[in-house]
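**Q** Below is one structure. I have some questions about it.
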RNA sequence: GCCCCCAUCGUCCAGAGGCCUAGGACGCCGCCCUUUCAAGGCGGUAACGGGGAUUCGAAUUCCCCUGGGGGCACCA
């Protein structure tokens, strides 16, 4: 890398501080991070909070926290645009001075009204104030003067050559009337100032490139290389919306997904390793990753596939790590009973949050009966099974109360009643755990203990009524 | 309305002119294993949007159409 003497790459992730980081943003952050690691470059974090109206300083920490959880640690920053206003003002002054920008006092209403009067169907500014030479005032914003003809073109690492007719790029605001900078300006100035070499971001920003290129050129600097990632879309192929989906990374974090599984999955959205092995350590992904290999079309965030990834990662955890990780998702403290069942629970979890469901029966005085499970299990010879189980289990002495023994006992009962073990265990399972699914029954009963087991069987039997 | 981008199984990726009767993964279906449920094993379903052109040969190149998406703010 950098054998041509070029400087090491510098990339940046520049989220707006909107709190709960969007999964699409997380993917963008990840790809930036991967590219930096791959190339020995620097990953810069910059918070884009130039809009005082929407900036929520208190939410910045949440973004940082999420990034840390994902493992996409930054090398430089975080910078905050709200603290760099002088830089933007200086840039605007320079553009004003060299004729690249001018003041404008048109309101949005003025612009729309003129467009309507002129019968134009294309929205946008018409250059009304270009030559009015307005003085600075509290009501004037600053607009960038775009070329009237020619084209603005660039080579995107992922998309190839992209060009726009310059005439379609209307004069745009770079500084608000209150003197604050607009994203287009701040973003360009910062990329220049931070010597960013590769701008890796979502495709929704592809259309802003010409404007930013124009600003950068007017400021007289070398231009960064752009790479626009395909958007993450919903099942309707629309940009993932906060309205209808769990698009916040925090939701996944709270539901017990593992950061390694989550980032591994994100890495397969818009990119795939050449050998087709999708589930693998991030270190390998970093090695294999090439920005130019990124796909061009939108990718659906498939929660089912994420679940599969997470299940794989969860099962790969050693037992201690699983127990430690699952702890904060359980509504009760980890004890020996949980530890005993843990290996069986781990095998059956997709996320940490699933574990509680499987063992909660241990921590209640009485099982919470699921009606559907009850109806299904308490049919046919259920009463006989329960009666026999009560009688037999009661006779097992405390020292012999273990899963192997219980297995034998219930198998014998089943045999006597002409039932397969699977059938015979159903009423017992529901009576004791309240559900028709869960960890293996005999291990569960062993951990629950004889007295509690028998008490629950009796309770279920009486609830069942006379046979 | 205008501009830009995109187009392989339901989904995510492979495929950079012959190796493709298109491969892997998730999902789904079936079978096996089995103490329920998972996990695991085995098998199956399923795609190159349409039309031209180039070529001996096109999923791969070019053009048009269609379809989808994104953008066009004193938001980012």
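Numbering (the numbering used here), first residue to last: 14 to 480. For every residue, glycine included, the Cβ atom is placed at its ideal position computed from N, Cα and C.
1) With a CB to CB cut of under 7 Å and the five nearest residues on each side skipped, what residues in its chain are close to residue 226?
2) What does DSSP give as the partner residue(s) for residue 169 in the beta ladder?
3) Going by the CB atoms, is the gap between residue 214 and residue 41 shorter than 8 Å?
4) So residue 49 and residue 22 are in contact, right, with Cβ under 8 Å, and what is the actual spacing, rounded?
5) Could you tell me whether the stretch 344-363 touches the stretch 387-403, where touching means 3 or more Cβ pairs closer than 8 Å?
6) Could you check what DSSP says for residue 189 in three-state terms: helix, strand or coil?
7) Quick one: using the 10 Å Cβ neighbour count with 16 as the cut-off for buried, is residue 438 buried or exposed?
8) In whole angstroms, what separates the C-alpha of residue 262 from that of residue 114?
9) For residue 6 and residue 268, which I take to be in contact (beta-carbon distance under 8 Å), what is that distance rounded to the nearest angstrom?
10) For a minimum of 4 consecutive residues, which ranges assigned as the alpha helix (DSSP H) are wholly contained in the stretch 76-159?
11) Identify whether residue 312 lies in helix, strand or coil by the three-state DSSP scheme.
12) Alpha carbon to alpha carbon, how far is residue 368 from residue 452?
13) On the DSSP letters alone, give me the boundaries of the alpha helix (DSSP H) that residue 420 sits inside.
14) Please report the distance separating the alpha-carbon of residue 195 from that of residue 104.
15) Going by CA-CA distance only, name the one from 179, 175, 302 that's closest to residue 158.
16) Which whole-angstrom value is the C-beta distance of residue 84 and residue 272, which I expect to be below 8 Å?
17) Using a Cβ-Cβ cut-off of 6 Å (strictly less than) and excluding sequence neighbours within five positions of residue 281, which residues of its own chain qualify?
18) Answer yes or no: the CB of residue 411 versus the heavy atoms of the ligand GTP, is any distance below 7 Å?
19) Could you give the residue range of the alpha helix (DSSP H) that holds residue 35?
20) Out of 391, 389, 370, state which residue places its alpha-carbon closest to the alpha-carbon of residue 381.
21) Could you work out which residue in 424, 378, 116, 234 is closest to residue 454 when comparing CA atoms only?
22) Spell out the partners DSSP gives residue 467 in its beta bridges.
23) Looking at the structure shown, is residue 318 part of a helix, part of a strand, or coil, going by DSSP?
24) Using the rule of at least 16 other Cβ atoms within 10 Å of the residue's Cβ for burial, across every protein chain shown, is residue 334 buried or exposed?
25) Taking its Cβ as the centre, do 16 or more other Cβ atoms sit within 10 Å of residue 134, making it buried, or is it exposed?
**A** This is what the structure gives:
1) Result list for residue 226: 165, 167, 236, in chain order.
2) Looking at the DSSP assignment, residue 169 forms a beta bridge with 173, 239.
3) Against a cut-off of 8 Å, the Cβ pair of residue 214 and residue 41 comes out as a contact.
4) Your pair residue 49 and residue 22 checks out as a contact, with CB atoms roughly 7 Å apart and the cut at 8 Å.
5) The answer is no - the stretch 387-403 does not touch the stretch 344-363, with fewer than three Cβ pairs under 8 Å.
6) Reduced to three states, the DSSP call for residue 189 is coil.
7) With 16 or more neighbouring CB atoms inside 10 Å of its own CB, residue 438 falls in the buried class.
8) If I take the Cα positions, the gap works out to 40 Å.
9) Given that the chain is displayed from residue 14 to residue 480, the structure contains no residue 6 and the question cannot be resolved.
10) Taking only runs of at least 4 residues, the alpha helix (DSSP H) segments lying wholly in the stretch 76-159 are 98-110, 121-130.
11) It is a strand residue.
12) Between the alpha carbons of residue 368 and residue 452 lies a gap of roughly 10 Å.
13) For residue 420, the enclosing alpha helix (DSSP H) covers residues 416-430.
14) So the two alpha carbons sit approximately 12 Å from each other.
15) Closest option to residue 158, judged by alpha-carbon separation, among 179, 175, 302: 179.
16) Rounded to whole angstroms, the Cβ separation of residue 84 and residue 272 is 6 Å, and the two are in contact under 8 Å.
17) Closer than 6 Å at Cβ, skipping near neighbours: 291.
18) Of the ligands one can find in the structure shown there are none, so the ligand GTP has no counterpart to examine.
19) Boundaries cannot be given for residue 35, as no alpha helix (DSSP H) includes it and DSSP labels it neither H nor E.
20) For the residues 391, 389, 370, the minimum Cα distance to residue 381 belongs to 370.
21) Among 424, 378, 116, 234, the Cα nearest to that of residue 454 belongs to 424.
22) Paired residue(s): none; residue 467 is not in a bridge.
23) Helix.
24) The residue is exposed, with fewer than 16 neighbouring Cβ atoms inside 10 Å.
25) Residue 134 counts as exposed, since fewer than 16 other beta carbons sit within 10 angstroms of its beta carbon.
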